[in-house]
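For the sequence shown, numbering that gives the first Met the number 0 begins at 0 and goes up steadily by one. A short write-up of the structure that comes next.
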Amino acid sequence: MTILIQGGTVIDPGRYHGRGSVLIRDGKIQAIGEDHSDSTQDSEPLTVIDATGLVVAPGFVDLHAHLREPGFEYKETIATGTASAVAGGFTSVCCMPNTSPVNDNQAVTEFILSRAKQAGKAHVFPIGAITKGSEGLELAEIGDLFAAGCVAISDDGRPVMNSQVMRRAMEYAKAFDLPVVDHCECLHLSDSGCMNEGLVSTELGMPGIPNAAEDVMVARNLALAELTGARLHIAHLSTAGSVRLTRQAKAQGIAVTAEVCPHHFTLTDDATRGFDANAKMNPPLRTAADVEAVKEGISDGTIDTIATDHAPHAPQEKQLEFDKAPFGIVGFETAFPLTIALVEEGVLSLEQAIEKLTSAPAKAFGLKKGTLAVGQDADIVLLDPSCQWEVDPDRFYSKSRNTPFAGWRVKGKVMKTIVGGAVVYECT
0 MTILIQGGTV IDPGRYHGRG SVLIRDGKIQ AIGEDHSDST QDSEPLTVID
50 ATGLVVAPGF VDLHAHLREP GFEYKETIAT GTASAVAGGF TSVCCMPNTS
100 PVNDNQAVTE FILSRAKQAG KAHVFPIGAI TKGSEGLELA EIGDLFAAGC
150 VAISDDGRPV MNSQVMRRAM EYAKAFDLPV VDHCECLHLS DSGCMNEGLV
200 STELGMPGIP NAAEDVMVAR NLALAELTGA RLHIAHLSTA GSVRLTRQAK
250 AQGIAVTAEV CPHHFTLTDD ATRGFDANAK MNPPLRTAAD VEAVKEGISD
300 GTIDTIATDH APHAPQEKQL EFDKAPFGIV GFETAFPLTI ALVEEGVLSL
350 EQAIEKLTSA PAKAFGLKKG TLAVGQDADI VLLDPSCQWE VDPDRFYSKS
400 RNTPFAGWRV KGKVMKTIVG GAVVYECT
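Here it is, written out as structure tokens:
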């Protein structure tokens with residue numbers, strides 16, 4: 000099957016930026032450039048997609064999502080999660096291992112890959128657990144997880160508190176060139192905190208989580224990455240201190256990459272004043288000074304990628320009292336407009352914003368995704384950066400509705416998503 004996308008502005012970060020067309024044949028990128036209408040053969044069936052007024056870009060790559068299956072299908076399934084992903088423009092999704100059972104063995108990894116294939120939406124790349132049961136005590140069979148298809152290891156949702164265990168994990172991961180993704184949180188400092196520690200938590204009378212809970216673990220993990228030479232990826236960075244430490248480590252040549260989530264550069268802890276659990280996430284929403292530091296890190300390249308930390312929860316869970324409700328929000332379907340807001344603010348150019356969602360995350364994990372290079376899978380997204388719309392959780396493709404952005408008027412819309420040459424999402 001041959002598809003010609005024409006009339007749009009093609010942005011393949013670092014490779015092509017301009018008016019042009021994209022030719023797809025048999026699910027692969029055949030050509031990109033100014034005009035490829037002559038490249039088609041008269042005898043072959045041709046589907047033409049008119050992208051006039053739209054941006055044509057590689058499909059987004061998310062390094063941090065929770066698809067909840069197996070074990071928590073009442074929150075999300077791989078089918079609903081990947082439907083939500085492609086509605087947000089994500090054609091490749093790396094899913095965290097904190098399922099039930101935990102993805103700490105080949106059988107769970109293979110189950111996830113099988114379910115993703117059945118769903119037929121986004122590509123799914125499982126992340127295996129660092130330790131058995133993500134309990135932080137005994138290393139998982141990292142080699143087996145790699146062989147089964149895991150692209151990184153993490154105990155996300157919990158940190159690996161034992162520094163010796165983390166060191167050994169990095170040493171094993173290095174043997175397979177797997178990035179180690181750490182949820183940087185010192186549990187002794189965060190204790191029973193449920194929001195950022197500061198003026199707002201004091202006024203609300205809620206136990207807080209200090210910035211230091213994240214900063215000290217980032218510092219430890221950077222030291223271990225320097226010691227072992229392993230690839231470290233810092234998940235959902237949120238504090239000014241973490242940005243500073245990561246910047247210094249990169250300058251020293253330590254193999255570290257970092258991600259930030261849209262809610263951490265969009266909201267502050269003021270969003271929690273109404274005790275709305277939809278504004279409860281971990282790491283928590285921080286102060287305006289942290290948000291500014293994060294934006295500086297995004298702009299100067301300290302922070303490599305934008306990831307969603309898509310974390311769906313059932314309505315009855317988020318309706319609990321603030322301190323009892325679980326952490327996390329639905330992330331796929333609001334990520335693009337929140338990222339485009341950085342372009343409006345002058346933090347990033349449009350091409351840089353797309354890079355943070357495509358080629359940069361692919362590079363961080365070594366995935367052959369996030370590009371429109373000839374011969375690659377035709378994973379493509381058509382975007383309208385100027386389209387204004389209102390966030391309505393009832394229209395989410397995710398099974399869950401937990402978002403602090405309900406009712407927000409945002410700018411930037413995913414119009415069509417193509418995976419392997421097949422249209423898997425179209426805005427209606």
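Cβ coordinates follow ideal geometry from the N, Cα and C atoms, glycine included. Only a predicted model underlies this, so the values are computations on that prediction, with no experimental measurement involved.
Check: For Gln29, three-class secondary structure by DSSP; Outcome: strand
Check: Whole-Å CB distance - Ser83 paired with His122, under 8 Å assumed; Outcome: Contact flag wrong, Cβ pair sits at about 15 Å.
Check: Cβ distance (whole Å) where Ser237 is taken to contact Glu213 below 8 Å; Outcome: 6 Å
Check: For Met169, the three-state DSSP class (helix, strand or coil); Outcome: helix
Check: Whole-angstrom C-beta distance between Phe110 and Pro69, which should lie under 8 Å; Outcome: 6 Å
Check: Segment contact, 8 Å Cβ cut-off, at least three pairs: the segment 151-166 with the segment 190-203; Outcome: no
Check: Lys317 versus Pro403: straight-line alpha-carbon distance, rounded; Outcome: 11 Å
Check: Cut-off 6 Å between Cβ atoms - residues of its own chain near Thr76, not counting five sequence neighbours on either side; Outcome: Glu68
Check: Closest residue to Cys426 among Ala86, Ser358, Gly7 (Cα-Cα distance); Outcome: Ala86
Check: Identity of the residues DSSP links to Leu504 by a beta bridge; Outcome: Since the first residue of the chain shown is 0 and the last is 427, residue 504 is not available in this structure.
Check: Environment of Phe476 [buried if 16+ CB atoms lie within 10 Å]; Outcome: This structure cannot settle anything about residue 476, because the visible part of the chain is limited to 0 through 427.
Check: Opening and closing residue of the alpha helix (DSSP H) in which Pro492 lies; Outcome: Nothing about residue 492 can be read from this structure; the chain reaches only from 0 to 427.
Check: Residues of its chain near Gln105, where Cβ-Cβ distance is below 6 Å and the 5 sequence neighbours each way are ignored; Outcome: Asp143, Ala147
Check: Reduced DSSP secondary structure (H/G/I, E/B, other) of Gly216; Outcome: Residue 216 is actually Met in this sequence, not Gly. If DSSP states are grouped into helix, strand and coil, Met216 belongs with the helices.
Check: Test item: CB-CB of Thr46 and Arg24 under 8 Å; Outcome: no
Check: Complete runs of the alpha helix (DSSP H) confined to the segment 272-359 [at least 4 residues]; Outcome: 287-299, 314-317, 334-344, 349-356
Check: Close-in-space but distant-in-sequence residues of the same chain around Leu231 (CB under 6 Å, 5 per side omitted); Outcome: Val179, Asn220, Ala224, Val255
Check: For Asn195, the residue or residues it bridges with in DSSP; Outcome: Ile208
Check: Euclidean distance between Cα positions of Glu343 and Ala115; Outcome: 35 Å
Check: Minimum C-alpha distance to Ser99 - residue among Ala128, Gly88, Cys260; Outcome: Ala128
Check: Spatially closest choice to Ile302 from Ala363, Glu33, Ser399, by CA coordinates; Outcome: Ala363
Check: Span of the alpha helix (DSSP H) around His262; Outcome: 261-265
Check: Cβ-based burial, Ala234 [other Cβ within 10 Å; buried from 16]; Outcome: buried
Check: Cβ-based burial, Leu244 [other Cβ within 10 Å; buried from 16]; Outcome: buried
Check: Rounded C-alpha distance that separates Lys173 from Ala222; Outcome: 15 Å
Check: Burial state of Ala438, where buried means 16 or more other Cβ atoms lie within 10 Å; Outcome: Residue 438 lies beyond the residue range present for the chain, which begins at 0 and ends at 427; the question has no answer from this structure.
Check: Inter-residue spacing [alpha-carbon to alpha-carbon] between His65 and Val329; Outcome: 9 Å
Check: Nearest-angstrom beta carbon gap, Lys74 and Ser399 [assumed within contact, 8 Å]; Outcome: 6 Å
Check: Beta-carbon gap between Thr333 and Pro261 smaller than 8 Å; Outcome: yes
Check: Cβ-based neighbour list, Val423, same chain, cut-off 6 Å, excluding 5 preceding and 5 following; Outcome: Val85, Lys120, Thr416
Check: Beta-carbon proximity of Ile126 to Pro96, cut-off 8 Å; Outcome: yes
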